[in-house]
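Residue numbers (this note's numbering): 1 to 330.
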């Protein structure tokens, strides 16, 4: 790999010459040969100088330094902690000169500095890691390489790239271990899936049970409400409760209900009339009392419940009873 200090040539600058201007990947260093302590003048594309600066320096040499990125790679083989297996390490970095003056004045061999830094870090892990710790080894090396290269602050260095492999025997062991781990993970996943399915089934069954309980609760409440309604209807219907409940349950129609109530009412009235006739035949009641009882009985056609709930004789008031008693005295 080429050194950044590419060429050195004689330099002479007159009042008729233009100020030299390098391209972006090049730096010019003007200096006086054999006068190491004299100042130098660095010219870059981003840092032009004045012609007066060049003339006052009386420079007679011009060094041309490359500022382009350069690539370096370090390959090392180290043993694992048992010494039976090998790690093959490869580190690569891109770098270029950042401080032209420092590199030139101190005669820095930047290629050698970067190479030494990479090799030093890679060699330091010899016999310190097992083949099962390849991931840990990679993480450690990346951090150490970055820190080491950052100490070369006169260079601009990219993030180093790292590759780690092992020998064939070690790879077979790693593959076997990975297969075992993979099988274990698969089995564990299958067990987890089965457990989740069982748990899901339990949750669904519990949800179904809760839903059924809620539905049954509503059905029970509805049935209680219906029973209450039947009881209220039965209480209101009195002696006609059986007919009313049959109608509410849909066992008979409204027409049938009306017919049966009318028949029952007619039978009840006929029974009462016959009883009244018997009382009249026995002359138990006076004519005025008999007339009032008959009129009252005939007026009950719109109040069946009251008539059915009271005995016939209770339709006669106290005055009628006194009259009957008076008649029995004669």
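We put the CB at the ideal spot given by N, CA and C, even for glycine.
| Asked | Found |
| --- | --- |
| Cα separation between residue 303 and residue 214? | Note that residue 303 scores a pLDDT of 49, beneath 50, so its modelled location is shaky; the value from the coordinates is reported in the next line. C-alpha separation (whole angstroms): 45 angstroms. |
| So, are the CB atoms of residue 93 and residue 67 less than 8 angstroms apart? | no |
| Compare the C-alpha of residue 41 against each of 23, 16, 17 and 102 and name the closest. | 102 |
| Give the single residue among 122, 152, 153 and 150 whose Cα lies nearest to the Cα of residue 139. | 122 |
| Measuring only the C-alpha atoms, how far is residue 174 from residue 105? | 51 angstroms |
| Given that a residue counts as buried once 16 or more other Cβ atoms are within 10 Å of its Cβ, and exposed if not, what is residue 194? | exposed |
| Residue 49 lies in the beta strand (DSSP E); which residues open and close that run? | From DSSP, residue 49 is part of no beta strand (DSSP E); its letter is neither H nor E. |
| Start and end of the alpha helix (DSSP H) containing residue 154? | Here residue 154 belongs to no alpha helix (DSSP H), and DSSP marks it neither H nor E. |
| Nearest to residue 158 by CA position, among 98, 49 and 260, is which residue? | 98 |
| Helix, strand or coil, according to DSSP, for residue 6 in the structure here? | strand |
| Contact between the region 45-52 and the region 130-148 is defined here as three or more beta-carbon pairs at a separation below 8 angstroms; is this criterion met? | no |
| So what's residue 332 in DSSP terms, helix, strand or just coil? | Since the first residue shown for the chain is 1 and the last is 330, residue 332 is missing from the structure and cannot be characterised. |
| Would you tell me roughly how many angstroms separate the C-alpha atoms of residue 267 and residue 240, rounded to the nearest one? | 13 angstroms |
| So within the region 111-173, which uninterrupted beta strand (DSSP E) runs reach at least 3 residues, ignoring any that extend past its ends? | 155-157 and 161-166 |
| Please state the DSSP three-state secondary structure of residue 302. | Since pLDDT at residue 302 reaches only 46, below the 50 mark, its modelled position is unreliable, and no value is offered. |
| Look up residue 90 in the DSSP assignment and say whether it is helix, strand or coil. | strand |
| With DSSP as the reference, please indicate the residues paired to residue 98 in a beta bridge. | Answer by DSSP bridge pairing: none, since residue 98 is not bridged. |
| Do three or more CB pairs link the region 241-260 to the region 276-294 at distances below 8 angstroms? | no |
| Considering only residues of the same chain and omitting the five flanking positions on each side of residue 301, which have a CB-CB separation below 6 angstroms? | Low confidence applies here, because residue 301 scores a pLDDT of 49, under 50, leaving its location unreliable; read the following figure in that light. Hits under 6 angstroms: none found. |
| What does the Cβ neighbour count give for residue 222, buried or exposed, with the cut at 16 atoms within 10 Å? | exposed |
| Can you tell which of 206, 6 and 113 has its C-alpha closest to the C-alpha of residue 149? | 113 |
| My guess is that residue 155 and residue 110 are in contact by the Cβ rule of under 8 angstroms, so how many angstroms apart are they, rounded? | 6 angstroms |
| So what does DSSP say about residue 40, is it helix, strand or coil? | coil |
| Looking at C-alpha atoms only, which residue of 100, 64 and 116 is the closest neighbour of residue 76? | 116 |
| Can you find the residues in the same chain that come closer than 6 angstroms, C-beta to C-beta, to residue 46, ignoring five residues on each side of it along the sequence? | none |
| Going by beta carbon distance, what residues of the same chain come within less than 7 angstroms of residue 64, once the five residues before and after it are set aside? | 6, 7, 26 and 28 |
| Have a look at residue 334 and residue 44 and give me their C-alpha separation to the nearest angstrom. | Outside the modelled stretch of the chain, which goes from 1 to 330, sits residue 334, for which no answer is possible. |
| Please report how far the alpha carbon of residue 30 lies from the alpha carbon of residue 13, in whole angstroms. | 11 angstroms |
| Buried or exposed: which applies to residue 172, given that a residue is buried once 16 or more other Cβ atoms fall within 10 Å of its Cβ? | exposed |
| On a CA-only basis, which of 35, 33 and 127 is nearest residue 78? Give me that one, please. | 127 |
| Confirm, please, whether the CB-CB distance from residue 60 to residue 33 is below 8 angstroms. | yes |
| Just the Cα atoms here: how many angstroms apart are residue 71 and residue 10? | 30 angstroms |
| Quick one: Cα of residue 35 to Cα of residue 57, how far? | 12 angstroms |
| So the beta strand (DSSP E) residue 68 belongs to, where does it begin and stop? | Looking at the DSSP string, residue 68 is not in any beta strand (DSSP E), and its letter there is neither H nor E. |
| For residue 17 and residue 108, I'd like the C-alpha separation in whole angstroms. | 31 angstroms |
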